[in-house]
Structures are given as C-alpha cells and as structure tokens.
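K.L.:
Numbering (full-length UniProt numbering), first residue to last: 1 to 406. Idealized CB from N, CA, C, for every residue including glycine.
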Amino acid sequence: MTLRVAVVGSGPAGSSAAETLAKAGIETYLFERKLDNAKPCGGAIPLCMVSEFDLPPQIIDRQVRKMKMISPSNREVDINLDNEDEYIGMCRREVLDGFLRDRAAKLGATLINATVHKLDIPQNNTDPYTIRYVDHSEGGAQGIAKSLKVDAIIGADGANSRIAKEIDAGDYNYAIAFQERIRLPEAQMAYYNDLAEMYVGNDVSTDFYAWVFPKYDHVAVGTGTMQVNKASIKQLQAGIRARAARKLVGGQIIKVEAHPIPEHPRPRRVVGRVALVGDAAGYVTKSSGEGIYFAAKSGRMCAETLVEVSQGGTKIPTENELKVYLKRWDRKYGITYKVLDLLQTVFYRSDATREAFVEMCADRDVQRLTFDSYLYKTVVPANPFTQMKITAKTLGSLIRGNALAP
1 MTLRVAVVGS GPAGSSAAET LAKAGIETYL FERKLDNAKP CGGAIPLCMV
51 SEFDLPPQII DRQVRKMKMI SPSNREVDIN LDNEDEYIGM CRREVLDGFL
101 RDRAAKLGAT LINATVHKLD IPQNNTDPYT IRYVDHSEGG AQGIAKSLKV
151 DAIIGADGAN SRIAKEIDAG DYNYAIAFQE RIRLPEAQMA YYNDLAEMYV
201 GNDVSTDFYA WVFPKYDHVA VGTGTMQVNK ASIKQLQAGI RARAARKLVG
251 GQIIKVEAHP IPEHPRPRRV VGRVALVGDA AGYVTKSSGE GIYFAAKSGR
301 MCAETLVEVS QGGTKIPTEN ELKVYLKRWD RKYGITYKVL DLLQTVFYRS
351 DATREAFVEM CADRDVQRLT FDSYLYKTVV PANPFTQMKI TAKTLGSLIR
401 GNALAP
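(1) With distance defined between alpha-carbon atoms, name the residue in N202, G272 and A244 nearest to Q123.
(2) By the DSSP assignment, the beta strand (DSSP E) with residue 425 in it spans what residues?
(3) Using the Cα positions of V5 and L369, report the straight-line distance between them to the nearest angstrom.
(4) Just curious, the alpha helix (DSSP H) that D120 is in, first and last residue?
(5) Starting from the N-terminal side, write out each stretch of the beta strand (DSSP E) that is 3 residues or longer and does not extend beyond the segment 186-247.
(6) Can you tell me whether N83 is buried or exposed? The criterion is at least 16 other CB atoms within 10 Å of its CB, across all chains shown.
(7) Below 8 Å, can you find three or more Cβ-Cβ pairs linking the segment 172-183 to the segment 260-269?
(8) Along the chain, where does the alpha helix (DSSP H) containing F31 start, and where does it finish?
(9) With distances taken Cα to Cα, identify the nearest neighbour of A17 among E197, D97 and I335.
(10) Roughly how many angstroms separate the alpha carbons of A280 and A245, rounded to a whole number?
(11) Which one of F294, F357 and T225 has the shortest CA to CA distance from F347?
(12) DSSP state of P260, grouped into three classes?
(13) Is V358 a contact residue of the ligand SAM, with contact defined as CB to any heavy atom under 7 Å?
(14) Tell me which residues share the same chain as A164 and place their Cβ nearer than 7 Å to its Cβ, disregarding the 5 neighbours each side in the sequence.
(15) In whole angstroms, give me the CA-to-CA distance for A196 and K149.
(16) Between which two residues does the beta strand (DSSP E) holding S16 run?
(17) In the structure shown, what three-state DSSP assignment does L47 receive?
(18) Under 8 Å between the Cβ atoms of V249 and Y325?
(19) Secondary structure at K68, three-state DSSP: helix, strand or coil?
(20) When you compare only the Cα positions, how much space is there between A169 and R268?
(21) Let me know if F385 comes out buried or exposed under the rule of 16 or more other beta-carbons within 10 Å of its beta-carbon.
(22) Between L21 and A303, how many whole angstroms is the CB-CB distance? I'm expecting something under 8 Å.
(23) Given a cut-off of 8 Å on the beta-carbon distance, is the pair Y293 and P46 in contact?
(24) From which residue to which residue does the alpha helix (DSSP H) around R331 run?
(25) What three-state label does DSSP hand A352 in the structure shown?
(26) Do A114 and P317 have their C-beta atoms within less than 8 Å of each other?
(27) Per DSSP, what kind of secondary structure is D171 in: helix, strand or coil?
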C-alpha cells in the first residue's frame, strides 16, 4: 500500500509537514483556503530557523540587531546584538507562507485551494478518513463540493482549527492580537532600519506587550491581550499608537489585522490517526508570543514521526505510534513553555512588575542569555556566579518596584 496523508492548512506548520512527507515519497495533499492570506503576525523569526528551514535571503525583510524595550514610565533599555552575523529576521507572513507552500508543492505535495468543512471519521483503525471540502480552484463564490479519502491527517489550520473541532481536541485559552501595518515616510522608516520596539504597560496591554516591528516598506504596530479583555483591544491599540506617535508621524495605515493566539496546548493533540501541529495544537509561547518557529518545527517533527512509524508510508500508523511525536515534542520544548508561562505570570501582572522587567533587561548577562535562547532555541546555563548575579538583580528589580506586593 501507499499511505495517503492530508495536511490541512499551509502556514509554516502545514507546509513544513507536507514538505517532509513529500520528500519521503508519501502521497501528500496540502489544503489551503486562501492562497493570498496575510496572517496578522509580528513576523519575527529566530536565526536558527533561517538555516534549519533553508530560507533564502529574500524572505527576510529586515535583519533586526537592536531591540528597544520601553517601560510603563517610558524608561528605555536598548539591547544590541554583538555579532555581525546574528539577527532577528522580520518577515511578512504572506511571503514566508507562500515560499514554504510552493516548495512543498514542487517537492510533490498536491496543493488544493479549498475550505475543509467536515471530516468523516472511520469506525475502525484501518478504514480511511473522508475529508469533505469546497474546492475554490476554479473560481466562483460558491466553489465545488468534493471529498477525498486519506489514511492520516495533520491539522495545521490555525487557532480556529476545523480539524481540532472534528476530532473533539478540546479548547484552550487564547489571546487576541490586533495589528496595523503603517507605511512611514522614508525618514521615519530609517529609524526602524534594524530596530524593533517592545512596549509594556497597562495602557498598551493588561497582560501582554505591544510592538513596533519593521517590515519591507512599513512597520507592524500592534498589541495583544487575553480573550477576557478582548473588548478593550482597540483601546489598547490606541495606547500603543499614542506611545509611539512621535515616531509614526506621517504614517499611512495600509492594512488592519486581528487574529486569536493560543495560550497553551490543546488537551488532545493526537486522536486516532489525526495529529495537530502549530497554532491548531496550541504551540505559541507565553511571554514572547512566538509561534512561527514552533509551528514549522512541530509540522516537521510530526511528519518525521509519521514517516517513521508508517515505515516510509507502507503501513497505516496507530494512535499510539503517532503519539510518539507528542512525547518527543514535550520532551524537547515542554520546559520552554513552562518557563515562559512563569515569566508572563510574574512580570506582566502590573505596571510595577513591568518596570522591574525592563530594568532587569538592562543587564548584559540577561540580554545575552535571552538572545541565545531566542536565536538558537537552546538554553545554555550560565556559570554559577553569573546565575547568582542574575537572580539577585531580578529580585532587586522586583523589590525596588514594589512588584512583590500582593
């Protein structure tokens, strides 16, 4: 037999999964509802992703080497990357997603421009799943109803995942991201040439942060907050616009975007022969809100596991075999999510703790440790003296800001 696998969603998670499957010779179908979709996203990617996923230079709009952190009282801390070959990549999601999708298709994945609306689940462990979808490839508002039988499915269809609903994967808490793309005059844009800004404070987000990230010919100005505060998202966006107003003079809004961001993994990420990856699985980190790298990595890891347990596509995998992907994922990244969850709980709960957070980030050892963890997705423990110094500085910042008060 030849295994047939459907990947629903062609963002970084889905396209990376489809590419891995296609390379292994597995019959792969990649579904995407909107081929020109521009997902609301800060668009920051770590340096390790550029090499790991063979991203060409044209994918990166800006190479950010400077980060300015701005506290509730407008105290500014500048963080600079020392090495010339180190940077945070800034990209537009429509460009990145399009590249990854096209590469998967060139390697053999069959791209289907369609909306998946239902999944017929088999009653045993060997019969195929039936995906019911509306094909948009021939144009027309209504599309054409079609179906496809497959042996396994990877759900990579985002925070509002249809596949997750079909397999009853369970809900999760989520945040709302709101972003405006603003085209600036040339002189204003020059300021953001290799600089990104991160703002914290109750005026810009009650539980997250706001950002100004540079793109190709514009900046992305946005904020995020938990779903319980979503009614205030436009007020918070007005807050970041006010805080950054001087630098945005003469800017023209060219696009307004909003999107949910998952805050923790779903209760069930593998059910039967269906596995969830990326935002559909809930793989966005707290504190930083990073999701692109973890989406692509989860898609690849899931597909690699599927290739392995299906013996190169010659046998139908079981649920327990697919869950090997979860064990590997949680072993590799579980601690990262827990640490960032703790950081958000401690430092984003009040303006006092946010002031302490920005003060702490002025320390060079903290900066180096933070950037190494972000750029390379590896945590290299500091030597004991440095670790003690960082701990002391953290506690000192919290105490001076009265941030430990209940």
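P.N.:
So, to answer that:
(1) G272
(2) Because the chain spans 1 through 406 in this model, residue 425 falls outside it and cannot be assessed.
(3) 40 Å
(4) No alpha helix (DSSP H) contains D120, which is instead part of the beta strand (DSSP E) from T110 to D120.
(5) 195-201, 205-214 and 219-226
(6) exposed
(7) yes
(8) Run containing F31: none in the alpha helix (DSSP H); it sits in the beta strand (DSSP E), E27 to E32.
(9) D97
(10) 35 Å
(11) F357
(12) strand
(13) The model on display carries no ligand, and the ligand SAM is accordingly not part of it.
(14) G155, R266, L276 and A280
(15) 46 Å
(16) Careful: S16 lies outside any beta strand (DSSP E), inside the alpha helix (DSSP H) at P12 to K23.
(17) helix
(18) no
(19) strand
(20) 5 Å
(21) Its pLDDT being 47, under 50, F385 is placed unreliably by the model, and the measurement read from it follows with that caveat. Looking at its Cβ environment, which holds fewer than 16 other Cβ atoms inside 10 Å, F385 is exposed.
(22) 5 Å
(23) yes
(24) V324 to F347
(25) helix
(26) no
(27) coil
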